[in-house]
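Colleague: This structure is in structure tokens; I'll ask about it shortly.
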Amino acid sequence: MDASLAGNGSMFQCNPHPMHALGKTLVLVGMMGAGKTSVGRRLAGVLNVPFRDADAEIEAAAGCTVGQIFERFGEPEFRAGERRVILRLLQEPPHILATGGGAFMDEETRARIKETAISIWLKADADLLAERVARKDTRPLLRNNDVRATLARLLKERESFYAEADYTVESDGGPHEQTIKRILNVLEERETAIEAATAAGAFGAGAL
Ligand code: S3P
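485 is the number of the first residue of the sequence shown in our numbering; add one for each residue after it.
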């Protein structure tokens, strides 16, 4: 097992992970509280590739927080900004990209992610999401009295879209290292499948 994933809480490592040659950007999608940002940042460290967080990029571009954007300009403006920022980030060299929970609902964003990137749905149930989001009070859609019910409703509305991601990885109550390990397994299996298909001549020139 990687020293970085030994489950002892330390993420240091002396050698980059063998999967460091990420061919495409890896996009994490899923609900608020699924762990996209924490998992994405650590995964980027393990793979030795850059990390981008779409919400942080929106905030940097707007010069205010996501909450302030919702308040001052409304959700539709936020969604338009979110789309622009993600389309821009998808043009950057391969990296790990954590998206906001609503981003994958946007048709154009979803189509561009499918065309240019590898997508992973970090799947978690409403109870776990509710527990995790309780740690922060920054999410405008959750500023109400029944956060768990809101999360359950959004999850129901959104899950068929999330399920369009290339892969689904469970984000359960265990440490983030477990989720990272699952993502690394997905990437390794994908790499092996591509190598096998290439060796068997399954792809025409330029298919990859
Ligand atoms: C949202 C999720 C948030 C943020 C905004 C809206 C959503 O990001 O983009 O508050 O619609 O689910 P996180 O998923 O990173 O919390």
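Yeah, the Cβ is synthetic: ideal placement off N, Cα and C, and Gly gets one too.
Keep in mind that this is a model prediction, so the values were computed, not measured.
Report buried or exposed for residue 649, applying the criterion of at least 16 other Cβ atoms within 10 angstroms of its Cβ.
Modeller: As a working mapping, residue 649 is identified with position 165 in the sequence shown. With 16 or more Cβ atoms within 10 Å of its Cβ, residue 649 is classed as buried.
Colleague: Please tell me whether residue 576 and residue 538 are closer than 9 Å, where the distance is taken between their beta carbons.
Modeller: Residue 576 sits at position 92 when you count from the first residue of the sequence shown. Residue 538 sits at position 54 when you count from the first residue of the sequence shown. No, they are not a contact pair.
Colleague: Which of the three DSSP states is assigned to residue 533 in this structure?
Modeller: Taking the sequence shown and counting its residues from 1, one reaches residue 533 at position 49. Looking at residue 533 - three-state DSSP - the assignment turns out to be coil, as it is neither helix nor strand.
Colleague: Run the proximity test for residue 623: is its beta-carbon closer than 8 Å to any non-hydrogen atom belonging to the ligand S3P?
Modeller: The residue you call residue 623 lines up with position 139 of the sequence shown. Within the cutoff, so yes.
Colleague: Could you pull out every unbroken alpha helix (DSSP H) segment of at least 4 residues lying fully inside the stretch 537–573, listed in chain order?
Modeller: The stretch 537–573 contains these whole alpha helix (DSSP H) runs: 538–546, 550–557 and 559–573.
Colleague: Below 8 Å, is the gap between the Cβ of residue 538 and the nearest heavy atom of the ligand S3P?
Modeller: In the sequence shown, counting from the first residue as 1, residue 538 sits at position 54. Yes - the ligand S3P has a heavy atom lying nearer than 8 Å to the Cβ of residue 538.
Colleague: Alpha carbon to alpha carbon, how far is residue 536 from residue 512? Give it in angstroms, no decimals.
Modeller: For the purposes of this step, residue 512 is taken as residue 28 along the sequence shown, with counting starting at 1. For the purposes of this step, residue 536 is taken as residue 52 along the sequence shown, with counting starting at 1. Roughly 11 Å between the two C-alpha positions.
Colleague: So does residue 665 have its beta carbon nearer than 8 Å to some heavy atom of the ligand S3P?
Modeller: Here residue 665 corresponds to residue number 181 of the sequence shown, with the count starting at 1. Checking the Cβ of residue 665 against the ligand S3P gives no.
Colleague: Taking 8 Å as the threshold, find out whether the stretch 606–613 comes into contact with the stretch 559–574 through three or more Cβ pairs.
Modeller: No, because fewer than three Cβ pairs between the stretch 606–613 and the stretch 559–574 fall closer than 8 Å, the two stretches do not touch.
Colleague: Kindly confirm or deny that the stretch 613–625 and the stretch 513–521 touch, where touching means at least three C-beta pairs closer than 8 Å.
Modeller: Yes, they touch.
Colleague: Helix, strand or coil for residue 649, going by three-state DSSP, please let me know.
Modeller: On the sequence shown, residue 649 is found 165 positions in, with the first residue counted as 1. In the structure shown, residue 649 sits in coil (DSSP, three-state: anything other than H, G, I, E or B).
Colleague: Reducing DSSP to helix, strand and coil, say where residue 503 ends up.
Modeller: Indexing the sequence shown from 1 puts residue 503 at position 19. Caution is warranted here: a pLDDT of 49 is assigned to residue 503, below 50, making its placement in the model unreliable, and no coordinate value can be reported.
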